[in-house]
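Heads up, the thing below is written out as structure tokens.
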Amino acid sequence: MTARIGVVTFPGSLDDRDTQRAIRLAGAEPVALWHKDKDLKQVDAVVLPGGFSYGDYLRAGSISRFSPVMETVIEQAKSGMPVLGICNGFQILTEAHLLPGAMLGNNHLHFICRDQKLRVENAGTAWTTDYVSGQEIHIPLKNMDGRYVADERTLDMLEAEGRVAFRYLDFNPNGSLRDIAGITNEAGNVIGLMPHPEHAVEPLVGTGRTDGLPFFTSILKKLVNA
Amino acid sequence: MARVVVDVMLKPEILDPQGQAVQRALPRLGFEGVSDVRQGKRFELEVDGPVDDAALARIHELAESFLANTVIEDYIVKVEEVAEAGK
């Protein structure tokens with residue numbers, strides 16, 4: 001039996017179908033989860049996809065964080081279930097305090113959409129083992145609220161513990177402190193990142209590269225070998 | 001009935017590009033002498049029943065966990081008397 005990976009649809013999620021497709025292309029079974037359900041349908045891992053959940057009213061991700069499904073996701077994540085938050089999902093993970101820091105509006109105040117170069121800083125997390133630390137990849141980025149902030153102490157701690165998982169290269173698209181594009185929790189099972197790996201899994205679309213696919217093959221390998 | 005106001009502001013050390021954009025527009029509008037602008041949020045909560053210590057404690061909890069993200073924002077809670085109807 002292959003791994004079952006849940007994808008939560010919140011009102012306003014945009015990339016849930018792309019994420020399900022990426023999971024399928026990687027060889028795992030995508031399972032649609034609904035924001036009102038507490039039950040995770042016995043999935044082995046969860047992806048919180050991109051979009052504008054609950055319209056991003058108040059702050060990006062702040063309302064979703066209190067949805068019924070997140071009660072269970074938070075509980076399971078704390079006991080080790082792999083969780084990947086992409087873009088809006090990253091915002092939800094910081095609002096839920098599963099990851100430190102917070103996401104704010106881009107420093108230039110504009111929505112941005114571009115092919116972004118990144119460096120994989122930590123290939124030891126649940127979602128990054130099919131990369132190599134130091135590898136440079138191109139993945140699409142599109143966001144309004146992508147500026148990662150945390151206090152100096154937290155930033156130093158993330159750097160020291162290798163928890164900056166991805167960093168922007170050549171161009172900082174949103175004013176994120178220390179060019180941070182993605183971080184992981186202490187245990188390495190929870191990852192949040194702003195760019196969208198699910199849009200870079202087929203040569204025909206997106207960047208024309210498949211640099212995002214290793215996210216989904218990494219987790220599949222981890223779950224199947226577990 | 002009473003009104004409770006929760007003012008939420010970005011912490012001073014957090015960059016506020018919205019406030020900066022407003023500040024930069026001021027000279028174009030003929031407003032000189034404003035060296036900094038920061039933009040926040042104001043929530044007005046109409047509360048049924050008395051705003052006693054217990055109600056205030058719950059509002060503080062709400063502000064702390066939801067209205068403000070205390071990683072990046074500070075908040076202040078104020079009680080305002082609502083003018084009597086038909087004043």
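Chains H and U, in that order, are what the protein sequence lines are.
With the UniProt record's numbering, letter number 9 in the first sequence gets 9, and the count goes up by one each step, no holes.
With the UniProt record's numbering, letter number 69 in the second sequence gets 69, and the count goes up by one each step, no holes.
All C-beta atoms, glycine included, are put in the ideal place defined by N, C-alpha and C.
Keep in mind that this is a model prediction, so the values were computed, not measured.
Residue environment, residue i, which counts as buried when at least 16 other CB atoms sit within 10 Å
i, result
"H/TYR148", "buried"
"H/ALA150", "buried"
"U/MET1", "exposed"
"U/VAL34", "exposed"
"U/THR70", "exposed"
"U/VAL4", "buried"
"H/ALA102", "buried"
"H/VAL205", "exposed"
"H/ASN174", "buried"
"U/VAL51", "buried"
"H/LEU109", "exposed"
"H/THR128", "buried"
"U/SER65", "exposed"
"U/GLY49", "exposed"
"H/GLU161", "exposed"
"U/PHE31", "exposed"
"H/ASP130", "buried"
"H/ASP37", "exposed"
"H/ARG119", "buried"
"H/GLU136", "exposed"
Span of the beta strand (DSSP E) around residue i
i, result
"U/VAL79", "73-81"
"H/PHE166", "164-168"
"H/PRO30", "29-34"
"U/LYS41", "41-47"
"H/GLY101", "Here H/GLY101 belongs to no beta strand (DSSP E), and DSSP marks it neither H nor E."
"H/ARG147", "147-149"
"H/THR184", "180-184"
"H/LEU84", "83-86"
Span of the alpha helix (DSSP H), counted from its first residue to its last, around residue i
i, result
"H/ALA26", "16-26"
"H/ILE219", "213-225"
"U/LYS11", "Where U/LYS11 is concerned, there is no enclosing alpha helix (DSSP H), given that its DSSP letter is neither H nor E."
In DSSP terms, what residue i is bridged to
i, result
"H/ASN122", "DSSP output for H/ASN122 lists no bridge partner at all."
"H/ASP115", "H/PRO140"
"H/SER13", "H/GLY51"
"U/GLY30", "None; U/GLY30 has no bridge partner."
"H/THR154", "In the DSSP output, where bridge partners are listed per residue, H/THR154 has none listed."
Span separating the alpha-carbon of residue i from that of residue j
i, j, result
"H/MET157", "H/GLY12", "33 Å"
"H/SER79", "H/ARG59", "27 Å"
"H/GLU95", "U/GLU61", "15 Å"
"U/LYS87", "U/GLU81", "Because the pLDDT of U/LYS87 is 42, which lies under 50, any placement of that residue in the model is unreliable, and the number read from its coordinates should be weighed accordingly. Their backbone Cα atoms lie some 13 Å apart in a straight line."
"H/LEU193", "U/ARG38", "28 Å"
"H/LEU223", "H/ARG153", "34 Å"
"U/GLY19", "U/ASP36", "8 Å"
"U/LEU67", "H/GLY51", "21 Å"
"H/LEU155", "H/PHE10", "30 Å"
"U/PRO12", "U/GLU73", "9 Å"
"H/GLU198", "H/ILE92", "18 Å"
"H/GLN76", "H/ALA45", "9 Å"
"U/LEU45", "H/THR72", "30 Å"
"H/PHE111", "U/LYS78", "35 Å"
Residue i at chain C interface by Cβ criterion, 8 Å
i, result
"H/GLY101", "Protein chains H and U are contained in the structure displayed, whereas chain C is not."
Where the segment 158-185 of chain H meets chain U: residues whose CB sits under 9 Å from a CB there:
GLY175
Interface residues of the segment 42-71 of chain H facing chain U [CB-CB below 8 Å]
LEU58, ARG59, SER62 and PHE66
Given a limit of 9 Å on CB to CB distance, which residues of the segment 124-151 of chain H reach chain U?
ARG147, VAL149, ALA150 and ASP151
Taking Cβ-Cβ distances below 8 Å as the criterion, which residues of the segment 52-73 of chain U are in contact with chain H?
PHE66, LEU67, ASN69, VAL71 and ILE72
Give the residues from the segment 78-101 of chain H that approach chain U closer than 9 Å (Cβ to any Cβ), ordered along the chain.
THR94, GLU95, HIS97, PRO100 and GLY101
According to a CB-to-CB cut-off of less than 8 Å, which residues of the segment 18-35 of chain U neighbour chain H?
GLN18 and ALA21
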